[in-house]
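Trainee: Sequential numbering from 0 applies to the sequence shown in numbering that gives the first Met the number 0.
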Amino acid sequence: MRPDSGTPAPWQPLLHWWFGEGGTASQIAAQRNHLWFGYRQAQDAEARERFGGLAAQALQGGLDDWAQTPDGWLALLILLDQLPRMIHRGKPEAFAGDAAAQALLDRGLAHGLAGALAPIRQVFCYLVLEHAEDLDRQERGVVAFAALADLHHDEERAIFDDFLAFARKHRDVVARFGRFPHRNEILGRLSTDEEKDFLRRPGSRF
């Protein structure tokens, strides 16, 4: 879908909610970090009320035409990867869009869509890799976040170094266990004794 000139794209309300009014990467992160990575019941409710219908459409393939533009592709990734984790927090459905997000990411990267986005927006492309219970994808995510960090040699570098550090932590967990142990209870998977010991440690749950 390529909106006519002057007509707001259907994905703009979501991107505005997710990224705010703009600014530098560090400013955007400071404004939106609580939304991106913090649990607040009101935020989950807002995600459900405002974008739950779109997330369901995305999962059913009804918004695939959004992927014709970089912004639409990014919004679709957010609907498949980020929003279900808020809308269905603590339920198996939280991960229902992951496979579709991985496939969509691969198609978009093959067409160079990520390069048309600002680095802070690219973060939410590569988080799709960071969410994968697959070591090859985790390694790709680390490489992608390292490349984003290397684009910055000023005060903006710190925020991308933080994203890289978390990518490495996710990679290390999947390298060790082949999966994310904190998902086991939600998905009805049995945890090994080693995973149970790991989950008792601070910082083991993402």
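Glycine included, C-beta positions come from ideal geometry on N, C-alpha and C.
(1) Applying the criterion that 16 or more other CB atoms from any shown protein chain within 10 Å of the CB defines a buried residue, is Ala29 buried or exposed?
(2) Am I right that Trp17 and Ile77 are in contact with their C-beta atoms under 8 Å? What's the rounded C-beta distance?
(3) What does the alpha-carbon distance come out to for the pair Phe197 and Gln67?
(4) Extract the residue ranges of the beta strand (DSSP E) inside the region 6-40, only unbroken runs of 3 or more that lie entirely within it.
(5) Closer than 6 Å by C-beta to His151: which residues in its own chain qualify, once you throw out the five before and the five after it? Chain order, please.
(6) May I have the straight-line CA-CA distance separating Pro9 from Phe123, to the nearest angstrom?
(7) Kindly indicate the opening and closing residues of the alpha helix (DSSP H) around Leu103.
(8) By how many angstroms is the C-alpha of Glu193 removed from the C-alpha of Trp65?
(9) Just to confirm my understanding: we take Glu20, look at its own chain, exclude 5 residues before and 5 after, and list those with CB closer than 8 Å. What are they?
(10) What did DSSP end up calling Gly51 once you bin it into helix, strand or coil?
(11) Taking only the alpha-carbon atoms, compute the straight-line gap between Leu112 and His181 and give it to the nearest angstrom.
(12) Are the beta-carbon atoms of Leu82 and Ala46 separated by less than 8 Å?
(13) Roughly how many whole angstroms lie between the Cα atoms of Ala93 and Ile86?
(14) Please report the residue range of the alpha helix (DSSP H) in which Leu116 lies.
(15) Relative to the C-alpha of Pro118, which candidate in Leu58, Gly202, Arg204, Leu163 has its C-alpha closest?
Mentor: To lay it out plainly:
(1) Translated into positions along the sequence shown, residue 29 becomes position 30. Exposed, by the Cβ-count rule.
(2) Within the sequence shown, the letter at position 18 stands for residue 17. Within the sequence shown, the letter at position 78 stands for residue 77. Trp17 to Ile77, Cβ: 6 Å. Contact.
(3) Within the sequence shown, the letter at position 198 stands for residue 197. Within the sequence shown, the letter at position 68 stands for residue 67. Distance between the alpha carbons of Phe197 and Gln67 is about 42 Å.
(4) none
(5) The residue labelled residue 151 in the question sits at position 152 within the sequence shown. Here the set comprises Phe159.
(6) Residue 9 sits at position 10 when you count from the first residue of the sequence shown. Residue 123 sits at position 124 when you count from the first residue of the sequence shown. If I take the Cα positions, the gap works out to 19 Å.
(7) For this step, residue 103 is matched to residue 104 along the sequence shown. Residues 97-109.
(8) Indexing the sequence shown from 1 puts residue 65 at position 66. Indexing the sequence shown from 1 puts residue 193 at position 194. In a straight line, the C-alpha of Trp65 is about 43 Å away from that of Glu193.
(9) The residue you call residue 20 lines up with position 21 of the sequence shown. Gln30.
(10) Position 52 of the sequence shown, counted from the first residue, corresponds to residue 51. Gly51 falls in the helix class under three-state DSSP.
(11) One-based indexing of the sequence shown puts residue 112 at position 113. One-based indexing of the sequence shown puts residue 181 at position 182. Rounded to whole angstroms, Leu112 to His181 spans 32 Å at the Cα level.
(12) Here residue 82 is taken as the residue at index 83 of the sequence shown, counted from 1. Here residue 46 is taken as the residue at index 47 of the sequence shown, counted from 1. The answer is yes: Cβ separation under 8 Å.
(13) In the sequence shown, counting from the first residue as 1, residue 93 sits at position 94. In the sequence shown, counting from the first residue as 1, residue 86 sits at position 87. Cα-Cα distance, rounded: 7 Å.
(14) Locating residue 116 in the sequence shown gives position 117, where the first residue counts as 1. Where Leu116 is concerned, there is no enclosing alpha helix (DSSP H), given that its DSSP letter is neither H nor E.
(15) For this step, residue 118 is matched to residue 119 along the sequence shown. Closest by alpha carbon: Leu163.
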